Every structure is written in C-alpha cells, then in structure tokens.
Amino acid sequence: MAPDQPELVEDLLDGKHRALARAITKIENRSPGYREVVSALYPHTGGADVIGITGSPGSGKSTLVDKLAKQYRDQGLTVGVIAVDPSSPFTGGAVLGDRIRMASTATDMDVFFRSMSARGSLGGLSTATADAVKALDAFGKDKVIIETVGAGQNEVDIVKTADTVAVLVPPSSGDDVQMLKAGILEIGDVFVVNKADLEGANRTVTELRNMLDLRDGEEGDWDPEIAETVAESGEGVPDLLETFDDHTTWLDESGRREEKRHTRYAEELRNLLREDASELLEAELEARGGIDELVARIDAGETTPYELADDVVEPVRDALADD
Amino acid sequence: MSEESQQNIRCLVAKVGLDGHDRGAHVITRAFRDAGFEVIYSGLHKAPEEIVQAAVQEDVDVLGISILSGAHNTLVPKIMEGLEEYDAFEDTLVIVGGIIPDEDREGLEEAGVDAIFGPGTPMEETIEFIEDNAPQRD
Ligand SMILES: Nc1nc2c(ncn2[C@@H]2O[C@H](COP(=O)(O)OP(=O)(O)O)[C@@H](O)[C@H]2O)c(=O)[nH]1
Ligand SMILES: [Mg+2]
Numbered sequence: 000m001a002p003d004q005p006e007l008v009e010d011l012l013d014g015k016h017r018a019l020a021r022a023i024t025k026i027e028n029r030s031p032g033y034r035e036v037v038s039a040l041y042p043h044t045g046g047a048d049v050i051g052i053t054g055s056p057g058s059g060k061s062t063l064v065d066k067l068a069k070q071y072r073d074q075g076l077t078v079g080v081i082a083v084d085p086s087s088p089f090t091g092g093a094v095l096g097d098r099i100r101m102a103s104t105a106t107d108m109d110v111f112f113r114s115m116s117a118r119g120s121l122g123g124l125s126t127a128t129a130d131a132v133k134a135l136d137a138f139g140k141d142k143v144i145i146e147t148v149g150a151g152q153n154e155v156d157i158v159k160t161a162d163t164v165a166v167l168v169p170p171s172s173g174d175d176v177q178m179l180k181a182g183i184l185e186i187g188d189v190f191v192v193n194k195a196d197l198e199g200a201n202r203t204v205t206e207l208r209n210m211l212d213l214r215d216g217e218e219g220d221w222d223p224e225i226a227e228t229v230a231e232s233g234e235g236v237p238d239l240l241e242t243f244d245d246h247t248t249w250l251d252e253s254g255r256r257e258e259k260r261h262t263r264y265a266e267e268l269r270n271l272l273r274e275d276a277s278e279l280l281e282a283e284l285e286a287r288g289g290i291d292e293l294v295a296r297i298d299a300g301e302t303t304p305y306e307l308a309d310d311v312v313e314p315v316r317d318a319l320a321d322d
Numbered sequence: 000m001s002e003e004s005q006q007n008i009r010c011l012v013a014k015v016g017l018d019g020h021d022r023g024a025h026v027i028t029r030a031f032r033d034a035g036f037e038v039i040y041s042g043l044h045k046a047p048e049e050i051v052q053a054a055v056q057e058d059v060d061v062l063g064i065s066i067l068s069g070a071h072n073t074l075v076p077k078i079m080e081g082l083e084e085y086d087a088f089e090d091t092l093v094i095v096g097g098i099i100p101d102e103d104r105e106g107l108e109e110a111g112v113d114a115i116f117g118p119g120t121p122m123e124e125t126i127e128f129i130e131d132n133a134p135q136r137d
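Next up, the structure:
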C-alpha cells in the first residue's frame, strides 16, 4: 500500500461507511484531491459486478432495484446502489426521491444507497458515476447497481459504464418501444418488461422481440434476453437475476469483460486528458485577459476565432512536439 | 481547480414517527429545493436507524427531522447516537421541526440538535439558519 495513500482511502478500505460516503462526495464535487482518491482506489477495484438499470421515468426502476438488492442480500452478497437523476438541473436545487423505494433493505447497512444529481455533469456525469462505482467496488461490494432515467445520450453514457445493462420497458407503451431505437436498443443486454401484471405485457414482449431480431449483431455477440417482472411483488425477479448471472458468465467466457474494460480505460484516459487540456487552456485564456477580451478583438474585425485558437494552443503544441 | 469544484448544500428531509401527514415535509422539501439545496426525501414513517443510514450514506450536510408525533424525546436521541456510531455526528447540522414543548427543548439540544423550529417558523428563517451553519466540506 502506498504510504502517501489518503487517509480517506485507508478508512474506506477498512470498511468505514462514512469514508465511503465522503469519498463519493469528493468525487461528486470534484473537490481538490478527488483524483488522488480515485487513483488510490483503482488497484482495489474489479471485484464487483456492475449492473445498469435504465428506462423511462415511472417504469419501475427504483422498485426493481429494491427487490434486486433484497435478493442479492438473501444470497449473502453485499450491494451498492447509485441512483442518478440526470434530469435534475445542473445548477440550483433538486429533489432526489429514488431512496423512497428502498423499503426491503431499509436499515441494512450492507446495502449502500447513494443518490446523485446532474450537478456532476460539467465534468461528465458518467465519469462521476463511474468513479463513484469504483469507490463502492473498492469498498468490497459484490454487486453495484446504477439506476438512471433513460432517454438521452447522457444516460446511455452512464449505463454504458456497467457490465450488464437492463432496460425497463413498461407494457403496451408503443412510444417506449419506439424510443428504444434511439441508442438504448444497442446497449441493452436484458430488456425487462416490468409491470407485467398490467395489460399489454405480452404484446410488448412480442414487439421487443421483433425489434431485437432486427438489430444487427455480430457473430458471437450476446443475444439480448427479454424478461418479465412485477417489481412491486418481486415476481420474476429471481429469473431476472439468473439472466444477469448468465450474462456475467458470458462476459467472462467470451473475453468480452476484458474487452469492455479495455475500452473503458481508454475512454477514461481520453476524458482525463481532455479535462486537463481544457483546464490548461482555460488558464491560458485567463492569462490573456479572459475570453471576452479576445472576443472583443474578433468583434472589432482584428482577428478570427481560428487565428486566436491557433495562437492560444501554440505553446502547448510546441511543448508536446519537443518531447 | 476550485472553480471546477461544485458544491451544494445537501439535505435529508426525514419524517419520523407514526403520524401520517407528509404535507409539511413536502412543503419543506420544495422550499429547500427552491433555495438551491439538494434535497433527499426518504418518505414517511421512518425508523431512527433508517434515518441514520440515509444521513450517513448520502453524506448530507443537513439533517432535517420533521416530527409531530410527540415521541421526539426517544426518537431524536436515538438518531443522534446512530450518527455518532458512524462518525457523522460532528459535521452534520441537525435541525428539528415540529411541535416541541418548551421543557423538552433543552434535552434535545443536549442530545446534539443544533436548532429547533416550531410550527409557524417562517421558512426563510430555517433556510437562512442552514445557509449560515451548514458545515464546510473540502
Ligand atoms: N402495477 C405495477 N406497478 C409498479 C410495478 N413496479 C413499480 N410500480 C409502480 O410504478 C411507480 C413508479 O415506480 P418507480 O420504481 O419509482 O419507477 P422509476 O421512476 O422507474 O424509478 C410506483 O408507483 C410503483 O409502485 C409493477 O411491477 N407493477
Ligand atoms: Mg427511480
């Protein structure tokens, strides 16, 4: 263990709930030192299966998460949950209410539930989520569940950080099945027709099947499964869990887990570099009197955005070329 | 770096006890949100252990306990003990809203409650108190 490892990390690895909670706050706030924390957690990650749950608001995600957590606990596994609400405003207040549904495991400290707003999105909400997952993973959670509302690219990016992605589709919601075309169809490993107690569930299963058959997969790809659940009563949840386990096994046996991890590391590295570079350039902009000052020169017809960008980046380009 | 870092006051609005109204808690939740706080609302009828669990895991700066049932003398100290057990006592601002008889106030404050707001306290007063007293996190 590195001697300069932050104390927070040591406490987290020691199993202190408070330290875990604090680490996630640091990650969410991008507080000074958060990178050192995530970096020190890194070697301790990789033990958790990460499951992403997405779907339209009200499709029953939180209710299902509660039942999944309960089921895992009954198997003797520990659980972490991150409930992300990307629809909350970037700045200002928000109400986070997913926690209300966590009734089955209330008071069980081996279920660590954390609500996250969109506040982290400036630096990439998916990055913040992925880092929070790392904290739960390093803490020793067997299963980590990410809940997020499905629709836009932001949400797709969030669930993509999971090993197994479940998409909830309520019955007979023609719109929802249509919505799936926009990106989510490609990332779903399991499609869950929740609220299977309601009318139209069978038709939705058929529609989904038809759509999935049209999706052009490659040889050796995972064939997306369709499951039916009644999250409210827990019906179908054991089967769903088995499907998740099947997918986990497939990930290992097919070598896809490693492939996915590789892609994720690459993305992470790129994100960090982008973040760092843009920070350096922002500082340079400030040093040159701020963006407004520069824009005023464009306004005055003295220069163009292209010339200015070239000019600002030049020292960086030169420095990198020297290496 | 500091301009990158993004903080918000995080609050847990908890409703303890068996009385059924959560209209009050909803009003508080919305007022806090409008004041720019991030509010975690955990629902009705919460046991002290659940509130502790939520406050610790969500790492809230402020725990607002709404209580009308009259059981504050047993429930609130239980919550404070739970926070202590998880090292969350020191840096969580705990406020209690509800009908607390004058003779019980001292006991609650001794248990670690930072402020008590009776019915009819203007919402601005509560919000201002939180803004002035919420712990600073690094
Ligand atoms: N009929 C029925 N209602 C459900 C089921 N699962 C969840 N619900 C209800 O759907 C509503 C929204 O659930 P919630 O879990 O909050 O959805 P989320 O927004 O996707 O997280 C709640 O009123 C749940 O009680 C189900 O399987 N059947
Ligand atoms: Mg939800």
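In order, the protein sequences belong to chains A and B. Read in order, the letters of the first sequence correspond to residues 0 to 322 in numbering that gives the first Met the number 0. Read in order, the letters of the second sequence correspond to residues 0 to 137 in numbering that gives the first Met the number 0. C-beta: ideal position from N, C-alpha, C; glycine also. For clarity, every value in this text was computed on a predicted model and none was experimentally measured.
Exercise for the section: Using a cut-off of 8 Å between C-beta atoms, extract the partners of B/S41 located in chain A. Expected result: Mapped onto the second sequence, residue 41 of chain B falls at position 42. Under the 8 Å cutoff, chain A gives R98 and I99.
Exercise for the section: In the DSSP assignment, find the alpha helix (DSSP H) that holds A/K25 and state where it starts and stops. Expected result: Within the first sequence, the letter at position 26 stands for residue 25 of chain A. Residues H16 to N28.
Exercise for the section: Assign B/E130 to one of two classes, buried (16 or more other C-beta atoms within 10 Å of its C-beta) or exposed (fewer than that). Expected result: Translated into the one-based positions of the second sequence, residue 130 of chain B becomes position 131. Around the CB of B/E130, fewer than 16 other CB atoms lie within 10 Å, so the residue is classed as exposed.
Exercise for the section: Taking only beta-carbon positions, decide if B/A124 is within less than 8 Å of chain A. Expected result: For this step, residue 124 of chain B is matched to residue 125 along the second sequence. Reading the sequence as shown, one finds Glu at residue 124 of chain B and not Ala. No, B/E124 does not count as interfacial toward chain A.
Exercise for the section: Quick one: which residues of the stretch 52-70 of chain B get their C-beta closer than 8 Å to a C-beta of chain A? List them in chain order. Expected result: Residues passing the 8 Å Cβ filter: Q52, A53, V55, Q56, E57 and D58.
Handout entry: Own chain, CB closer than 6 Å to A/A82, minus 5 neighbours either side, in chain order
Key = Position 83 of the first sequence, counted from the start, is the residue given in the question as residue 82 of chain A. In the same chain as A/A82, and ignoring 5 residues on each side of it, the C-beta atoms closer than 6 Å to its own belong to D97, S114 and E146, in chain order.
Problem - Chain-order list of residues whose beta-carbon lies under 7 Å from that of A/E154 (same chain, five-residue window excluded) - result: Start at 1 with the first residue of the first sequence, and residue 154 of chain A comes out as number 155. Closer than 7 Å at Cβ, skipping near neighbours: T53, P85, T147 and V148.
Practice task
Say whether the stretch 221-241 of chain A touches the stretch 182-200 of chain A, bearing in mind that this needs 3 or more beta-carbon pairs closer than 8 Å, one atom from each stretch.
Solution key: Cβ pair count under 8 Å is three or more, so yes.
Practice task
State yes or no: is the C-beta of A/S86 nearer than 7 Å to some heavy atom of ligand 2?
Solution key: Numbered from 1 along the first sequence, position 87 holds the residue referred to as residue 86 of chain A. Distances between the C-beta of A/S86 and the heavy atoms of ligand 2 are all 7 Å or more.
Practice task
Please list, in chain order, all residues of the same chain as A/L239 whose beta carbon is under 6 Å from its beta carbon, the five residues on each side excluded.
Solution key: Numbered from its first residue, the first sequence carries residue 239 of chain A at position 240. Setting aside the 5 residues that flank it on each side, A/L239 is surrounded in the same chain by A226 and T228, each with a C-beta closer than 6 Å to its C-beta; the list follows chain order.
Exercise for the section: Give me every residue whose Cβ sits closer than 5 Å to any heavy atom of ligand 3, in chain order. Expected result: Inclusion of ligand 3 in the displayed structure is not the case, the ligand content consisting of ligand 1 and ligand 2 alone.
Practice task
Compile a chain-ordered list of the residues in the stretch 227-250 of chain A whose CB is closer than 9 Å to at least one CB of chain B.
Solution key: So the list is empty, because no residue satisfies the distance condition.
Handout entry: Below-8 Å beta-carbon distance, B/V15 vs any chain A residue
Key = In the second sequence, counting from the first residue as 1, residue 15 of chain B sits at position 16. Using beta-carbon distances, B/V15 does not count as an interface residue toward chain A, since no partner is under 8 Å.
Handout entry: Residue environment, A/A165, which counts as buried when at least 16 other CB atoms sit within 10 Å
Key = On the first sequence, residue 165 of chain A is found 166 positions in, with the first residue counted as 1. It is buried - the Cβ of A/A165 has at least 16 other Cβ atoms within 10 Å.
Handout entry: Element boundaries [beta strand (DSSP E), containing A/M115]
Key = Residue 115 of chain A sits at position 116 when you count from the first residue of the first sequence. Membership of A/M115 in the beta strand (DSSP E) is indicated by the continuous run V110 to M115.
Exercise for the section: With DSSP as the reference, label B/V112 as helix, strand or coil. Expected result: Indexing the second sequence from 1 puts residue 112 of chain B at position 113. Note: B/V112 maps to coil in three-state DSSP.
Handout entry: Within-8 Å CB hit, A/M210 to chain B
Key = For the purposes of this step, residue 210 of chain A is identified with residue 211 of the first sequence, where counting begins at 1. Output row for A/M210: interface = no.
Exercise for the section: Give the residues of chain B in contact with A/S116, contact being defined as C-beta atoms less than 7 Å apart. Expected result: For this step, residue 116 of chain A is matched to residue 117 along the first sequence. Result: E37.
Problem - Any chain A beta carbon closer than 8 Å to B/N7 - result: For the purposes of this step, residue 7 of chain B is taken as the residue at position 8 of the second sequence. Cβ-Cβ to chain A under 8 Å: yes for B/N7.
Practice task
Measuring alpha carbon to alpha carbon, tell me which of B/A70, B/E105, B/P121 and B/A13 ends up nearest B/V61.
Solution key: Here residue 61 of chain B is taken as the residue at index 62 of the second sequence, counted from 1. Among B/A70, B/E105, B/P121 and B/A13, the Cα nearest to that of B/V61 is on B/A13.
Handout entry: Beta-carbon proximity of A/S125 to A/I99, cut-off 8 Å
Key = Working through the first sequence from its first residue, we reach residue 125 of chain A at position 126. Working through the first sequence from its first residue, we reach residue 99 of chain A at position 100. No, these two residues do not count as a Cβ contact at 8 Å.
Practice task
Could you round the C-beta distance between B/I94 and B/D113 to whole angstroms and report it? I think they count as a contact, below 8 Å.
Solution key: Position 95 of the second sequence holds residue 94 of chain B. Position 114 of the second sequence holds residue 113 of chain B. Right, the Cβ-Cβ distance comes to about 6 Å (below 8 Å), so this counts as a contact.
Practice task
Could you tell me if B/L92 is buried or exposed, where buried requires 16 or more neighbouring beta carbons within 10 angstroms of its beta carbon?
Solution key: Counting from 1 along the second sequence, the entry for residue 92 of chain B is found at position 93. Buried.
Problem - Under 8 Å from the C-beta of B/D86: neighbouring residues of chain A - result: For the purposes of this step, residue 86 of chain B is taken as residue 87 along the second sequence, with counting starting at 1. Chain-ordered, the chain A residues with CB closer than 8 Å to the CB of B/D86 read K15 and R17.
Handout entry: Straight-line gap, B/N56 to A/A131 (C-alpha atoms, nearest Å)
Key = Position 57 of the second sequence, counting from 1, holds the residue named residue 56 of chain B. Position 132 of the first sequence, counting from 1, holds the residue named residue 131 of chain A. What sits at residue 56 of chain B in the sequence shown is Gln, not Asn. Computed Cα separation, rounded: 12 Å.
Problem - Distance between B/T28 and A/A282 (C-alpha atoms, nearest Å) - result: Working through the first sequence from its first residue, we reach residue 282 of chain A at position 283. Working through the second sequence from its first residue, we reach residue 28 of chain B at position 29. So the two alpha carbons sit approximately 39 Å from each other.
Exercise for the section: Kindly indicate the opening and closing residues of the beta strand (DSSP E) around B/R9. Expected result: The residue you call residue 9 of chain B lines up with position 10 of the second sequence. Run containing B/R9: R9 to K14, per the beta strand (DSSP E) assignment.
Handout entry: Residues that B/K45 bridges to, as DSSP identifies them
Key = As a first step, residue 45 of chain B must be located in the second sequence, where it is residue number 46. In DSSP, B/K45 forms a bridge with B/V15.
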